[in-house]
Amino acid sequence: MEREVESMREYYDSGKTKEASWRASQLEGLRAFLTDQQHDIFHALMQDLGKHHLESFRDEIGTLIKSLNFALKHLKQWMSPGKAELPRIALLTSAEIVAEPLGLVLIMSSWNFPFGLSLEPLIGAVAAGNTVVLKPSELSSASASLLASALPNYLDNKAIKVIQGRPEVAEQLLFQKWDKIFFTGSPRVGRIVMSAAAKHLTPVTLELGGKCPAVVDSLSSSWDREVAAKRIIVGKFGACAGQACIAIDYILVGKEFASTLVELIKVWIKKMFGEKPSESNTIARIINKQHFFRLKNLLSDPKVKESVIYGGSMDEEHLFIEPTILVDPPLEAAIMSEEIFGPLLPIVTLEKIEDSIKFINSRPKPLALYVFTKNQSLQGRMVSETSSGSVTFNDAILQYAADSLPFGGVGESGFGNYHGKFSFDTFSHQKGVLRRSFLTDFWFRYPPWTTTKFQE
Ligand code: NAD
């Protein structure tokens, strides 16, 4: 591994990856990989997670092609030095900001969107001109194997390598010296990454998880209610069966609107996944037995079990968990303190919707906050009185696809961000460049310090 890392560093030093044409060719290579290998990607995602190919296209292939097109369109502009203003006293002086690649970077990704979470940061890393080692999650093994076997046919193998393996391999990788580590995963491993990075003072971006709340205000029009219910279902059960860092974790709703919302969600679950969701191929499966039992355990507390008002059936053989709704589970239970990461949806009722602000602020800062409301004053309060990686009004997940918005967490949901230009910046050093002319010079700026100079 050490030799491999060393040879990649030498390749970086050759300057090849800094060329604009090299960067564009790698982005084009990634796009070709996604289009040529589409069917193998669908197959891998079906094997790993039982994802329907339309969901795979929407969340991984399509979203990545969109990001690649955006990066290719803006690459030149991102690479161009930015002008910097100077005070008027700086006569005959100019300044600019030059984005320089960081060097050799490590990207470690998670299993729930094995292509999206590996390649979205890779787009930023190659656009910025770095050499990259990608370590996909071993849990989505079919996807990791496809990345390792097929990507070399499309990319410069001296600059971009996929290294597969279990956590021990990741530990060995973390032992090496990197110029940047971009990590997507759990806060537990995030801490391991940060400690390893500290040894070499390597900068890190941590894309972590947490509990993302959806606040649902009383909606008066039946159209708005239905649209909200559909978007909530897709933002929970339709996002890899809730195994998404920005999936809705739980709902906060005012008492007077709770039963209307629950009934609508039930109706639309049936419409989307059928009377027997276990027979539906439109809902993803749980990644493995360990996560299946983790989710099962979340329901094992008798008081939590009592709060289940819909669903709850589980099929261990097929790693399937039915979309499940709980109303007012005990707030001290694990299901209300740990990230759920699965198709269990607790709904917490509050006296009034404004109480949600205090509720959110009493817990770790979420990666995403969703608020379904037409009330402008509530929207304003949510933005200014709570803290989260992002806030989305009247929808869920959609913010992930916005190239113009930074995607990342705050507090325990992580730090640093990416997507669009933010990805380019995440993998670049912003170098200040100042150019001075010899023509003007002031005698009073040089020692010795005399009273005359002070008066001048
Ligand atoms: P994880 O932390 O278990 O694994 C992530 C990566 O770390 C994998 O590549 C894995 O091989 C590696 N790893 C595991 N144990 C390690 C160890 N001891 N030492 C070094 N490396 C190790 O996370 P996961 O189960 O893959 O993903 C689930 C978590 O990721 C959830 O908390 C979720 O919210 C979060 N997540 C965040 C985002 C985001 O964009 N913010 C996206 C997806 C998932």
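In UniProt numbering, the protein residues as written are 1 to 456. All residues carry an ideal CB built from backbone N, CA and C; glycine is no exception.
Classification of residue i by the beta-carbon crowding that lies within 10 angstroms, buried from 16 upward
i: residue 15; result: exposed
i: residue 132; result: buried
i: residue 84; result: exposed
i: residue 20; result: exposed
i: residue 263; result: exposed
i: residue 48; result: buried
i: residue 82; result: exposed
i: residue 450; result: exposed
i: residue 8; result: buried
i: residue 111; result: buried
i: residue 77; result: exposed
i: residue 345; result: buried
i: residue 402; result: exposed
i: residue 446; result: exposed
i: residue 339; result: buried
i: residue 315; result: exposed
i: residue 484; result: In the structure as shown, the chain starts at 1 and stops at 456, and residue 484 therefore has no counterpart that could be examined.
i: residue 172; result: exposed
i: residue 358; result: exposed
i: residue 88; result: exposed
i: residue 385; result: exposed
i: residue 223; result: exposed
i: residue 437; result: exposed
i: residue 26; result: buried
i: residue 1; result: exposed
i: residue 362; result: exposed
Residue i at chain D interface by Cβ criterion, 8 Å
i: residue 179; result: Absent from the structure is chain D; it holds one protein chain and no more.
Distance cut-off 7 Å: residue i Cβ against heavy atoms of the ligand NAD
i: residue 366; result: no
i: residue 178; result: no
i: residue 108; result: yes
i: residue 170; result: yes
i: residue 245; result: yes
i: residue 339; result: yes
i: residue 189; result: yes
i: residue 81; result: no
i: residue 208; result: yes
i: residue 112; result: yes
i: residue 192; result: yes
i: residue 457; result: A question about residue 457 goes unanswered here, because the residues of the chain that appear run from 1 up to 456.
i: residue 504; result: No information on residue 504 is available, as it lies outside the stretch 1 to 456 that the chain covers here.
i: residue 211; result: no
i: residue 409; result: yes
i: residue 186; result: yes
i: residue 167; result: yes
i: residue 145; result: no
i: residue 377; result: no
i: residue 135; result: yes
i: residue 295; result: no
i: residue 122; result: no
i: residue 60; result: no
i: residue 117; result: yes
i: residue 139; result: yes
Own chain residues within Cβ distance below 6 Å of residue i, not counting five before or after
i: residue 303; result: 330
i: residue 433; result: 96 and 98
i: residue 91; result: 440
i: residue 422; result: 406
i: residue 241; result: 283, 284 and 343
i: residue 140; result: 48, 111 and 114
i: residue 185; result: 110
Cut-off 8 Å between Cβ atoms - residues of its own chain near residue i, not counting five sequence neighbours on either side
i: residue 105; result: 125, 130, 131, 132, 133, 178, 179, 180, 181, 182 and 427
i: residue 225; result: 219, 260, 261 and 264
7 Å Cβ shell around residue i - same chain, five flanking residues per side excluded
i: residue 398; result: 392
i: residue 459; result: Lying outside 1 to 456, the shown extent of the chain, residue 459 is not represented and no answer is given.
Proximity test, residue i beta-carbon vs the ligand SAM heavy atom, cut-off 7 Å
i: residue 174; result: With respect to the ligand SAM, the structure shown offers nothing to examine, as its ligands consist of the ligand NAD.
Counting Cβ pairs closer than 8 Å, one from the region 321-329 and one from the region 192-211, do we hit at least three?
-> The region 321-329 vs the region 192-211: no contact.
Would you check if there are 3 or more beta carbon pairs closer than 8 Å linking the region 228-236 to the region 252-270?
-> As far as the Cβ criterion goes, the region 228-236 touches the region 252-270, which means the pair count is three or higher.
Does the count of Cβ pairs from the region 26-39 and the region 372-381 closer than 8 Å reach three?
-> Contact between the region 26-39 and the region 372-381 is not established, with fewer than three Cβ pairs separated by less than 8 Å.
Could I get the ranges of all uninterrupted beta strand (DSSP E) runs contained in the region 187-228, with 3 residues as the minimum, in chain order?
-> Those beta strand (DSSP E) runs which fall completely within the region 187-228 and span 3+ residues are 204-207 and 213-216.
Secondary structure, beta strand (DSSP E): runs of 3+ residues fully inside the region 311-395 | Within the region 311-395, the complete beta strand (DSSP E) runs of at least 3 residues fall at 324-327, 344-350, 368-372 and 390-393.
Could you tell me which uninterrupted alpha helix (DSSP H) segments, each at least 4 residues in length, are contained entirely in the region 2-57, listed from first to last along the chain?
-> For the region 2-57, whole alpha helix (DSSP H) runs of length 4 or above, ordered along the chain, are 2-13, 20-36, 38-49 and 53-56.
Report yes or no: do three or more beta-carbon pairs, one from the region 200-211 and one from the region 413-420, lie closer than 8 Å?
-> Contact between the region 200-211 and the region 413-420 is present, because at least three Cβ pairs lie under 8 Å.
At 4 residues or longer, and completely inside the region 233-302: list those alpha helix (DSSP H) runs for me, N to C.
-> List check, alpha helix (DSSP H) in window: 255-273 and 289-298.
Counting Cβ pairs, one atom from each stretch, are 3 or more of them under 8 Å apart for the region 294-302 and the region 273-283?
-> Touching, no, given that fewer than three Cβ pairs across the two stretches are closer than 8 Å.
At which residue ranges does the region 410-447 contain complete alpha helix (DSSP H) runs of 4 or more residues, listed in the order of the chain?
-> Runs found: 421-426.
What are the start and end residues of each continuous alpha helix (DSSP H) run of 4 or more residues lying completely inside the region 81-147, in chain order?
-> Unbroken alpha helix (DSSP H) runs of no fewer than 4 residues, entirely contained in the region 81-147, are found at 116-127, following chain order.
Say whether the region 22-35 touches the region 155-174, bearing in mind that this needs 3 or more beta-carbon pairs closer than 8 Å, one atom from each stretch.
-> Verdict: yes, contact present.
Any 3 or more C-beta pairs closer than 8 Å across the region 144-156 and the region 242-252 = Too few Cβ pairs lie closer than 8 Å, so no.
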